[in-house]
Amino acid sequence: MTVTIGRRELLAALGGAAVAWPLSVWAQQPAMPTVGFLRDRALATVPQRMAAFRQGLKEAGFVEGQNVAIEYRSAEDQTDGLPLLVADLLRRQVALIVGNTPAALAAKAATSTVPIVFVIGGDPVRDGLVASLNRPGGNVTGVSFISADLGAKQLGLLRELRPGAARIAVLVDPQWPTTERFLSELQAAALAVGQQLIVLDVSSGYQSIETAFTTLVQRGAVALLAGSSAFMYSQRERLIELAARHRIPAIYAWREAVAVGGL
49 MTVTIGRREL
59 LAALGGAAVA
69 WPLSVWAQQP
79 AMPTVGFLRD
89 RALATVPQRM
99 AAFRQGLKEA
109 GFVEGQNVAI
119 EYRSAEDQTD
129 GLPLLVADLL
139 RRQVALIVGN
149 TPAALAAKAA
159 TSTVPIVFVI
169 GGDPVRDGLV
179 ASLNRPGGNV
189 TGVSFISADL
199 GAKQLGLLRE
209 LRPGAARIAV
219 LVDPQWPTTE
229 RFLSELQAAA
239 LAVGQQLIVL
249 DVSSGYQSIE
259 TAFTTLVQRG
269 AVALLAGSSA
279 FMYSQRERLI
289 ELAARHRIPA
299 IYAWREAVAV
309 GGL
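Just remember that the working numbering sits 48 ahead of the position in the sequence shown, which is counted from 1.
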């Protein structure tokens with residue numbers, strides 16, 4: 049079953065899903081089964097999620113190095129490299145692959161037999177990961193933050209915070225799979241209430257973020273909505289620092305942003 053849960057329950061539940069769902073596969077594996085942990089971005093950007101993932105496994109009775117092995121892989125911001133990483137994990141006969149949106153899509157394209165557990169921000173049906181929420185079918189299941197579908201609600205909250213705001217800036221990563229839908233729905237919501245948006249692309253490196261903030265200040269944005277992507281998540285501290293420097297109220301897609309000082 050595909051489950052949609054809140055962020056706080058995410059990886060603990062994922063740890064349970066990782067061991068409870070593919071029981072038949074565990075039985076076919078060697079004495080110490082192997083889990084592939086795969087992302088498109090650097091693993092150093094998600095230490096809290098990795099720690100929670102291990103904790104979830106531990107609570108389900110699996111301790112890394114004792115009765116389960118974990119093979120960590122990252123495409124290091126090069127999404128095109130994901131198929132090679134998936135192929136490597138499959139050669140190692142992993143019992144399970146855990147990944148975010150790009151990683152899960154790459155894994156699904158490569159295997160119809162090895163179980164895949166996704167951790168995403170969008171709709172797994174619309175993203176092409178499962179057939180339906182009630183009956184996902186195939187070898188893919190997982191959890192969603194639903195953050196990619198909250199743009200209209202976030203816009204409404206910003207408008208309450210800054211009533212009468214003439215321009216609101218939106219940062220998006222054009223390389224992220226759910227960006228097109230997120231932006232389409234956000235623009236429709238803005239049109240309905242007559243809100244002007246300044247849409248700015250950020251996708252790689254500090255420079256794109258610096259340039260985006262320079263532009264939004266020059267164009268008179270008085271509030272900021274940061275879209276969801278692995279890159280922006282990895283750069284959350286920089287985003288928050290720049291928003292504070294320019295005194296721009298902002299709303300983010302991740303609770304970790306609040307933990308490091310975001311609005």
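In this text, a Cβ means the ideal position worked out from N, Cα and C, and glycines have one as well. Given the structure is predicted, the values throughout are model-derived calculations rather than measurements.
Would DSSP call residue i helix, strand or coil?
| i | result |
| --- | --- |
| Val188 | strand |
| Leu198 | coil |
| Arg139 | helix |
| Arg89 | coil |
| Val116 | strand |
| Phe101 | helix |
| Pro172 | coil |
| Leu62 | Any reading at Leu62 is ruled out, since the residue's pLDDT is 47, under 50, leaving its predicted position unreliable. |
| Ala154 | helix |
| Gly129 | helix |
| Arg183 | coil |
| Trp74 | Because Trp74 carries a pLDDT of 46, less than 50, the predicted location of this residue cannot be relied on, and the following value inherits that uncertainty. Correct three-state label for Trp74: helix. |
| Gly204 | helix |
| Leu311 | coil |
| Leu290 | helix |
| Ala305 | helix |
List the DSSP bridge partners of residue i.
| i | result |
| --- | --- |
| Leu144 | Val83 |
| Ile164 | Ile145 and Val188 |
| Ser282 | Beta-bridge pairing links Ser282 to no other residue. |
| Leu272 | Ala217 and Ala298 |
| Ser122 | Arg87 |
So, for residue i: in the same chain, excluding its five sequence neighbours on each side, which residues have a beta-carbon less than 7 angstroms away from its beta-carbon?
| i | result |
| --- | --- |
| Pro180 | Note that residue 180 is Ser in the sequence shown here, rather than Pro. Around Ser180: Val173. |
| Ala99 | none |
| Arg286 | Tyr254 and Ile257 |
| Pro222 | Asp249 and Ser251 |
| Ala151 | Leu86, Arg87, Asp88 and Leu130 |
| Thr161 | Asn187 |
| Val308 | Arg284, Glu285 and Ile288 |
Output needed for residue i: all residues of its chain with C-beta closer than 8 angstroms, excluding positions within five of it in sequence on either side, in chain order.
| i | result |
| --- | --- |
| Asp128 | none |
| Ile246 | Arg215, Ile216, Ala217, Val218, Thr263, Leu264, Arg267 and Ala269 |
| Ala135 | Ala158 |
| Gly242 | none |
| Glu119 | Thr82, Val83, Gly84, Phe85, Leu137, Arg140 and Val142 |
| Asp175 | Thr149, Leu153, Ile168, Pro225 and Thr226 |
To which residues of the same chain is residue i closer than 6 angstroms at the C-beta, ignoring the five residues directly before and after it?
| i | result |
| --- | --- |
| Gly310 | Ile288 and Tyr300 |
| Val188 | Lys156, Ile164, Leu177 and Val178 |
| Pro131 | Ala154 |
| Ile296 | Leu272 |
| Ile168 | Thr149 and Ser192 |
| Val51 | Low confidence applies to Val51: its pLDDT is 40, below 50, so where it sits in the model is not reliable enough to give any reading. |
| Ala213 | Val270 and Ala271 |
Applying the criterion that 16 or more other CB atoms from any shown protein chain within 10 Å of the CB defines a buried residue, is residue i buried or exposed?
| i | result |
| --- | --- |
| Gln202 | buried |
| Ala236 | exposed |
| Leu272 | buried |
| Leu133 | buried |
| Gln96 | exposed |
| Met80 | exposed |
| Leu205 | exposed |
| Ala47 | The structure shown does not extend to residue 47, since the chain is modelled only from 49 through 311, so no value can be given for it. |
| Leu234 | buried |
| Arg284 | buried |
| Leu239 | exposed |
| Arg293 | exposed |
| Val306 | exposed |
| Ala298 | buried |
Are the C-beta of residue i and some C-beta of chain D separated by less than 8 angstroms?
| i | result |
| --- | --- |
| Ala200 | Here there is only one protein chain, and chain D is not present. |
Start-end ranges of the beta strand (DSSP E) lying completely within the region 206-268, minimum 3 residues = Taking only runs of at least 3 residues, the beta strand (DSSP E) segments lying wholly in the region 206-268 are 215-220 and 244-249.
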